[in-house]
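Reading through the C-alpha cells given below for one structure.
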Amino acid sequence: MKANRKNVGLRINQISPAGNAVLSTFMILLAAVFVIPVILIICISFSSEDSIYQQGYKFIPTEWSTYAYRYLSQMADGVWVSYANTIFYSVVGTALSLIVMSMFAYVLARREFKARNAFAFYAFFTTLFSGGLVPQYILITQWLEINNTRWVFFLPSMVAAFNVIILRTFIQTTIHESLLESAKLDGASEFQIYLRIVMPLFKAGLASVGLMTFVSKWNDWFTGLTYNYKMELEPIMTFLQRMQRQLDMLSNAKPGNITADMQDMYATIPGITARMAITFVSIVPLLICYPFFQKYFIKGLTIGSVKG
Amino acid sequence: MKTSNRLENPAQKMNPIVKEIKRHWQLYLMAAPALIFILVFSYIPMVGLVMAFQDLDLSKGVFTSPWAGLTNFKFLFATTDAWIITRNTVFYNVVFIAGGLVLSVTLALLINEMTSKRLQKILQTIYIMPFFLSMVVVAMIMLSLFHFQFGYVNTIIKGNGGQPVYWYARTDVWWWLLIVVHFWKGIGYSSILYTAVISGISQEFYEAAALDGASRWQQIRYITLPHLRTIMCINLIRSCGNIFRGDFGLFYTVTNNEGALYPVTNILDTYIYNALVTYPNLGMATAAGFYQSIVGFILVLTVNKIVKHMDSDSAMF
Numbered sequence: 001m002k003a004n005r006k007n008v009g010l011r012i013n014q015i016s017p018a019g020n021a022v023l024s025t026f027m028i029l030l031a032a033v034f035v036i037p038v039i040l041i042i043c044i045s046f047s048s049e050d051s052i053y054q055q056g057y058k059f060i061p062t063e064w065s066t067y068a069y070r071y072l073s074q075m076a077d078g079v080w081v082s083y084a085n086t087i088f089y090s091v092v093g094t095a096l097s098l099i100v101m102s103m104f105a106y107v108l109a110r111r112e113f114k115a116r117n118a119f120a121f122y123a124f125f126t127t128l129f130s131g132g133l134v135p136q137y138i139l140i141t142q143w144l145e146i147n148n149t150r151w152v153f154f155l156p157s158m159v160a161a162f163n164v165i166i167l168r169t170f171i172q173t174t175i176h177e178s179l180l181e182s183a184k185l186d187g188a189s190e191f192q193i194y195l196r197i198v199m200p201l202f203k204a205g206l207a208s209v210g211l212m213t214f215v216s217k218w219n220d221w222f223t224g225l226t227y228n229y230k231m232e233l234e235p236i237m238t239f240l241q242r243m244q245r246q247l248d249m250l251s252n253a254k255p256g257n258i259t260a261d262m263q264d265m266y267a268t269i270p271g272i273t274a275r276m277a278i279t280f281v282s283i284v285p286l287l288i289c290y291p292f293f294q295k296y297f298i299k300g301l302t303i304g305s306v307k308g
Numbered sequence: 309m310k311t312s313n314r315l316e317n318p319a320q321k322m323n324p325i326v327k328e329i330k331r332h333w334q335l336y337l338m339a340a341p342a343l344i345f346i347l348v349f350s351y352i353p354m355v356g357l358v359m360a361f362q363d364l365d366l367s368k369g370v371f372t373s374p375w376a377g378l379t380n381f382k383f384l385f386a387t388t389d390a391w392i393i394t395r396n397t398v399f400y401n402v403v404f405i406a407g408g409l410v411l412s413v414t415l416a417l418l419i420n421e422m423t424s425k426r427l428q429k430i431l432q433t434i435y436i437m438p439f440f441l442s443m444v445v446v447a448m449i450m451l452s453l454f455h456f457q458f459g460y461v462n463t464i465i466k467g468n469g470g471q472p473v474y475w476y477a478r479t480d481v482w483w484w485l486l487i488v489v490h491f492w493k494g495i496g497y498s499s500i501l502y503t504a505v506i507s508g509i510s511q512e513f514y515e516a517a518a519l520d521g522a523s524r525w526q527q528i529r530y531i532t533l534p535h536l537r538t539i540m541c542i543n544l545i546r547s548c549g550n551i552f553r554g555d556f557g558l559f560y561t562v563t564n565n566e567g568a569l570y571p572v573t574n575i576l577d578t579y580i581y582n583a584l585v586t587y588p589n590l591g592m593a594t595a596a597g598f599y600q601s602i603v604g605f606i607l608v609l610t611v612n613k614i615v616k617h618m619d620s621d622s623a624m625f
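From first to last, the protein sequence lines are chains A and B. Our numbering applies: residue 1 is where the first sequence begins, and numbers increase by one. Our numbering applies: residue 309 is where the second sequence begins, and numbers increase by one.
Rendered as C-alpha cells:
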C-alpha cells in the first residue's frame with residue numbers, strides 16, 4: 001500500500017473495494033428499512049383527510065395538505081397541555097433524579113466510607129429481584145395515594161439502581177481519590193467536595209445518565225396510562241395512546257349502542273392526519289437531538305456493561 | 309477499638325455505629341434520599357409479594373385481608389392462560405436473546421468492515437434511531453401499515469385487486485411480526501456497545517495475524533470475537549435472568565391490546581396488567597406476579613452460577 005496521506009487510516013487486510021461496495025450498498029439499504037416507517041408517518045400527516053378516507057395511507061400523498069398542522073396550532077388545546085407536561089416531567093424529573101442519584105453515587109465512591117459496600121449491595125440487589133407490578137400499584141394507589149397527582153410522574157422513577165452504579169463507576173474512573181483527600185485536608189466538607197470538585201469533573205457521567213433518563217421519561221406512556229386519569233396531567237405519549245384507544249372503542253361499538261357521551265368523545269378526537277401530526281411533533285425533539293449526544297449514550301453503555 | 313474505649317474511658321459508652329455516623333454524617337445525609345426512594349419503591353413492594361397468599365380485599369387493606377394459602381395459585385395454574393403466557397414469555401425472550409446476540413454482533417462486525425469511517429458513523433446513527441421512539445409511536449407506525457381500512461399494506465393489496473386483510477386478528481402473522489418490530493427497534497442500539505469494543509481492539513493483533521496468513525474471517529473469529537466474549541456473557545446473563553420479564557410496551561401497546569391476538573401476544577406482564585387494571589382479578593394478578601418475581605430471581609442466580617463455573621471473569625457477581 002502506498003504510504004500517502006489517504007492510506008494512513010487504512011487497516012491491514014481490509015475487504016476488497018468491490019466487497020466494500022457490495023457491503024456498503026447493503027448497509028445503506030438496511031438503513032432505509034429503519035427510516036422508511038417513520039417517513040410514512042410524516043407523509044400521512046401531510047395528507048388531506050379526504051384523500052386518506054378515500055384511498056388510505058400512502059407514502060406520496062395524493063393530496064398534500066397542512067390541515068393537520070393547522071388543526072394542531074389552532075384547535076387542539078389538549079395536545080399542547082400534554083406536550084408541556086412531557087417537557088416538564090422530562091426536564092425536572094431528570095434534574096431531580098440526577099441530583100439524588102449522583103449524591104448517592106458519590107457516597108458509594110468514597111473509599112474510606114465503611115458502609116459503602118453495604119449500600120452498594122442494597123442498591124444492586126434491586127436489579128436482581130423485584131416485587132413486580134401489583135405491589136407497586138397498590139403502594140402507589142392505596143398507600144401513598146400519589147396517583148392522579150403530578151408526584152406519580154417523578155417519585156417512583158427517581159432512583160434507578162442501574163444508573164447509580166454507572167454514575168459511581170464514572171466517578172471512580174474520572175476522579176482520583178487523592179484529589180478528594182487533599183480537599184478534605186484543606187478543610188472542605190463532603191458536600192463541598194461533591195459540589196465543587198466532583199460535579200464539574202464528571203460531566204460526561206451526568207450527561208450519559210441524564211440523557212438516558214430524559215429519553216425514558218419523554219417516551220413514558222405507562223405511568224400516565226396506569227396511574228392517572230386526569231387529562232391535564234397527561235404527558236403526550238399517554239395522550240396519543242388514549243386517543244387511539246378511545247377511537248378503537250368507538251369504532252368497535254355497535255351502531256345501536258352509541259351514546260351521546262361517545263359522540264362527544266368522538267368529536268374531540270383529532271382526525272387521522274392530525275394524530276399522525278401529533279406523533280411526528282412528539283418525536284421531533286428527540287430525533288433532532290440524539291445524534292449530537294450519541295457519544296454520551298455509548299459511553300454510558302460501555303461503562304455500565306464493563307462492570308455492572 | 310470497642311474494648312479499649314470502654315476500658316480506658318468507661319464514661320464514653322458510645323456505640324461504634326453512632327460514632328461512624330457522627331464521623332461521616334454528611335455522607336449519610338447525602339445518601340439518605342436515594343436510600344429512602346429505594347426502600348419505598350423497591351423493597352417495600354418486595355414485601356408486598358406476600359399478597360399472593362392472601363384473599364385480597366382492598367377495602368379491608370393489605371394487612372387485614374384473610375390468608376388464602378395457595379388458593380390463588382391453584383386458580384391461576386388451573387387455567388390454560390397460565391401455560392400460554394409462560395410459553396409466550398419464554399419463547400419470545402429466547403428468540404430475542406439468541407437472535408439479539410447474533411444480530412447485534414453481526415451488525416457490529418458488518419459496520420466495522422466498511423472502509424469509510426464516515427459512512428460507518430452516519431449509518432450507525434440511523435440504525436439507532438428507532439430506539440428513541442416511544443412504543444406508542446411504534447404502535448402508530450404499525451397502525452399506519454396494518455389498519456384494516458386505511459393501512460398502507462391493505463391499500464396496496466386493494467390497489468392490486470385483492471381483498472383487504474384484517475391484520476389485527478391474524479395470530480399467524482403477529483407472532484413473527486412482533487419479533488421483527490422488536491429487532492427493528494433495538495438492534496441498532498444493542499450493537500453500538502459491540503462496535504465500541506471492536507473499535508478499541510488494537511490493530512497490532514490484526515497485523516500480526518495477517519502476517520501469519522490469517523484470512524479476514526479467521527481474524528474475526530480468533531481476535532474480534534474473543535474480545536467481545538465478556539460483554540456478550542454479561543449481556544446473556546442479564547437477559548437470561550430476565551427471561552420471565554417481557555417487554556410490556558411491545559406486547560400491549562403495539563398490539564393495541566387486541567384480544568384476538570392474545571394466544572400469541574399475551575405474556576406474563578400483559579396478563580398481570582389486565583388482571584390488575586382491566587378486569588380486575590387481584591388473586592390472579594398477585595399469584596402471577598409472585599410467580600414471575602420468584603422464578604426470575606432463581607433464574608438469575610442459577611445462570612450466574614453456571615457462567616461463574618465456566619469462566620469466573622464473565623460472571624456478574
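Just so it is clear, CB atoms sit at the ideal spot from N, CA and C, and this is done for glycine as well. No experiment lies behind these values; they were computed from the predicted model shown.
Margin query: With distance defined between alpha-carbon atoms, name the residue in 458(B), 592(B), 413(B), 421(B) nearest to residue 24(A).
Written below: In the first sequence, the residue the question calls residue 24(A) occupies position 24. For residue 24(A), the nearest C-alpha among the options comes from 421(B).
Next item on the list: With DSSP collapsed to three states, give me the class of residue 14(A).
Entry: Position 14 of the first sequence, counting from 1, holds the residue named residue 14(A). Note: residue 14(A) maps to coil in three-state DSSP.
Check: So is residue 136(A) buried or exposed if we call it buried at 16+ other beta carbons inside 10 Å?
Finding: The count along the first sequence starts at 1 and reaches residue 136(A) at position 136. Buried, by the Cβ-count rule.
Margin query: Rounding to the nearest angstrom, what Cα-Cα distance links residue 353(B) and residue 384(B) in this structure?
Written below: In the second sequence, residue 353(B) corresponds to position 45, counting from 1. In the second sequence, residue 384(B) corresponds to position 76, counting from 1. Rounded to whole angstroms, residue 353(B) to residue 384(B) spans 21 angstroms at the Cα level.
Notebook entry, point to check: Out of curiosity, what's the CA-to-CA distance linking residue 468(B) and residue 52(A)?
Noted result: Numbered from 1 along the second sequence, position 160 holds the residue referred to as residue 468(B). Numbered from 1 along the first sequence, position 52 holds the residue referred to as residue 52(A). Taking the straight line from one Cα to the other gives about 18 angstroms.
Check: Is residue 138(A) near residue 356(B), with beta carbons less than 8 angstroms apart?
Finding: The residue given as residue 138(A) occupies position 138 in the first sequence. The residue given as residue 356(B) occupies position 48 in the second sequence. Cβ distance < 8 angstroms, so residue 138(A) and residue 356(B) count as in contact.
Check: Between which two residues does the alpha helix (DSSP H) containing residue 481(B) stretch?
Finding: Here residue 481(B) refers to the residue found at position 173 when the second sequence is read from its first residue. 479 to 507 is the span of the alpha helix (DSSP H), which, as asked, contains residue 481(B).
Checklist line | For residue 160(A) and residue 149(A), the rounded distance between their alpha carbons | finding: If you number the first sequence from 1, residue 149(A) lands on position 149. If you number the first sequence from 1, residue 160(A) lands on position 160. Each residue's alpha carbon lies about 21 angstroms from the other.
Next item on the list: Starting from the C-beta of residue 447(B), find all residues in its chain whose C-beta is less than 6 angstroms away, skip the five residues before and the five after it, and write them out in chain order.
Entry: As a position in the second sequence, residue 447(B) is number 139, starting the count at 1. 561, 562, listed in sequence order.
Next item on the list: Below 8 angstroms CB to CB, which residues in the same chain sit around residue 204(A) once its five sequence neighbours on both sides are set aside?
Entry: For the purposes of this step, residue 204(A) is taken as residue 204 along the first sequence, with counting starting at 1. Closer than 8 angstroms at Cβ, skipping near neighbours: 170, 174, 296, 299.
Item checked: residue 511(B) versus residue 518(B) - alpha carbon distance -> One-based indexing of the second sequence puts residue 511(B) at position 203. One-based indexing of the second sequence puts residue 518(B) at position 210. Roughly 11 angstroms separates the two Cα atoms.
Item checked: Pairwise C-alpha distance: residue 556(B) and residue 229(A) -> As a first step, residue 229(A) is located in the first sequence; it is residue number 229 there, counting from the start. As a first step, residue 556(B) is located in the second sequence; it is residue number 248 there, counting from the start. Their backbone Cα atoms lie some 20 angstroms apart in a straight line.
Note to self: With a threshold of 8 angstroms between beta-carbons, can residue 215(A) be considered close to chain B, or not?
What the structure shows: Reading the first sequence from its first residue, position 215 is the one you call residue 215(A). Yes - at least one Cβ of chain B is within 8 angstroms of the one on residue 215(A).
Check: Out of 480(B), 408(B), 564(B), which has the shortest C-alpha to C-alpha gap to residue 547(B)?
Finding: Within the second sequence, residue 547(B) is the residue found at index 239, counting from 1. If we check each option's Cα against that of residue 547(B), 408(B) comes out closest.
Check: Under 8 angstroms between the Cβ atoms of residue 580(B) and residue 568(B)?
Finding: As a working note, residue 580(B) is residue 272 in the second sequence. As a working note, residue 568(B) is residue 260 in the second sequence. Result no, Cβ atoms of residue 580(B) and residue 568(B) do not sit closer than 8 angstroms.
Next item on the list: Decide yes or no for the touch test of the stretch 40 to 51 of chain A against the stretch 63 to 76 of chain A: beta carbon pairs closer than 8 angstroms, at least 3 of them.
Entry: yes
Notebook entry, point to check: Taking only beta-carbon atoms, is residue 524(B) less than 8 angstroms away from chain A?
Noted result: Numbered from its first residue, the second sequence carries residue 524(B) at position 216. Taking Cβ atoms only, chain A reaches closer than 8 angstroms to residue 524(B), which makes this a yes.
Next item on the list: Just mark residue 232(A) as buried or exposed, buried being the case when its beta carbon has 16 or more other beta carbons within 10 Å.
Entry: Within the first sequence, the letter at position 232 stands for residue 232(A). By the 10 Å Cβ count, residue 232(A) comes out exposed.
Item checked: Of the listed residues 602(B), 565(B), 336(B), 339(B), nearest to residue 132(A) (C-alpha basis) -> The count along the first sequence starts at 1 and reaches residue 132(A) at position 132. Among 602(B), 565(B), 336(B), 339(B), the Cα nearest to that of residue 132(A) is on 602(B).
Checklist line | With 16 other Cβ atoms within 10 Å as the buried cut-off, status of residue 347(B) | finding: Along the second sequence, one-based indexing puts residue 347(B) at 39. Exposed.
Item checked: Under 8 angstroms (Cβ pairs) to chain A, residues found in the stretch 448 to 463 of chain B -> 448, 449, 451, 452, 453, 455, 457, 458, 459, 460, 462, 463
Margin query: Rounded to whole angstroms, what is the Cα-Cα separation between residue 491(B) and residue 362(B)?
Written below: Position 183 of the second sequence, counted from the start, is the residue given in the question as residue 491(B). Position 54 of the second sequence, counted from the start, is the residue given in the question as residue 362(B). Those two C-alpha atoms are separated by around 40 angstroms.
Notebook entry, point to check: Going by beta carbon distance, what residues of the same chain come within less than 6 angstroms of residue 507(B), once the five residues before and after it are set aside?
Noted result: Residue mapping note: residue 507(B) aligns to position 199 of the second sequence, counting from 1. Excluding residues within five positions, none has a Cβ falling inside 6 angstroms.
Next item on the list: Grab me the residues of residue 60(A)'s own chain with a C-beta within less than 8 angstroms of its C-beta, minus the 5 sequence neighbours each way, in chain order.
Entry: Working through the first sequence from its first residue, we reach residue 60(A) at position 60. Taken in chain order, the residues that qualify are 43.
Check: Using a C-beta to C-beta distance shorter than 8 angstroms, which residues of chain A count as neighbours of residue 496(B)?
Finding: Your numbering for residue 496(B) matches position 188 in the second sequence. What residue 496(B) touches in chain A: 34.
Item checked: Run of the alpha helix (DSSP H) containing residue 562(B), from where it starts to where it stops -> Position 254 of the second sequence, counted from the start, is the residue given in the question as residue 562(B). Segment: none, residue 562(B) is in no alpha helix (DSSP H) and carries neither H nor E.
Item checked: Complete runs of the alpha helix (DSSP H) confined to the stretch 45 to 100 of chain A [at least 4 residues] -> 49 to 55, 67 to 74
Next item on the list: Note down, one range per segment and in chain order, each beta strand (DSSP E) of at least 3 residues found wholly within the stretch 105 to 149 of chain A.
Entry: none
Item checked: Ranges of the alpha helix (DSSP H) found wholly within the stretch 391 to 444 of chain B, counting only runs of at least 4 -> 425 to 435
Item checked: Inter-residue spacing [alpha-carbon to alpha-carbon] between residue 522(B) and residue 165(A) -> One-based indexing of the second sequence puts residue 522(B) at position 214. One-based indexing of the first sequence puts residue 165(A) at position 165. Those two C-alpha atoms are separated by around 40 angstroms.
Check: Between the C-alpha atoms of residue 503(B) and residue 125(A), what's the straight-line distance to the nearest angstrom?
Finding: The sequence position of residue 503(B) within the second sequence is 195, counting from 1. The sequence position of residue 125(A) within the first sequence is 125, counting from 1. The alpha-carbon atoms of residue 503(B) and residue 125(A) are separated by roughly 29 angstroms.
Next item on the list: Would you check if the stretch 537 to 552 of chain B and the stretch 602 to 611 of chain B touch, i.e. whether three or more CB-CB distances between them fall below 8 angstroms?
Entry: yes
Margin query: Are there any heavy atoms of the ligand FMN lying less than 7 angstroms away from the beta-carbon of residue 218(A), as far as the coordinates show?
Written below: Of ligands this structure carries none, so the ligand FMN is not represented either.
Notebook entry, point to check: Are the C-beta atoms of residue 196(A) and some chain B residue less than 8 angstroms apart?
Noted result: Translated into positions along the first sequence, residue 196(A) becomes position 196. Residue 196(A) does not count as touching chain B.
Notebook entry, point to check: By the criterion of Cβ-Cβ separation under 7 angstroms, what are the contact partners of residue 559(B) in chain A?
Noted result: Position 251 of the second sequence, counted from the start, is the residue given in the question as residue 559(B). What residue 559(B) touches in chain A: nothing, since even the nearest Cβ is about 13 angstroms away.
Next item on the list: Out of 292(A), 38(A), 210(A), 289(A), state which residue places its alpha-carbon closest to the alpha-carbon of residue 443(B).
Entry: Taking the second sequence and counting its residues from 1, the one referred to as residue 443(B) is at position 135. Ranking 292(A), 38(A), 210(A), 289(A) by Cα distance to residue 443(B) puts 38(A) first.
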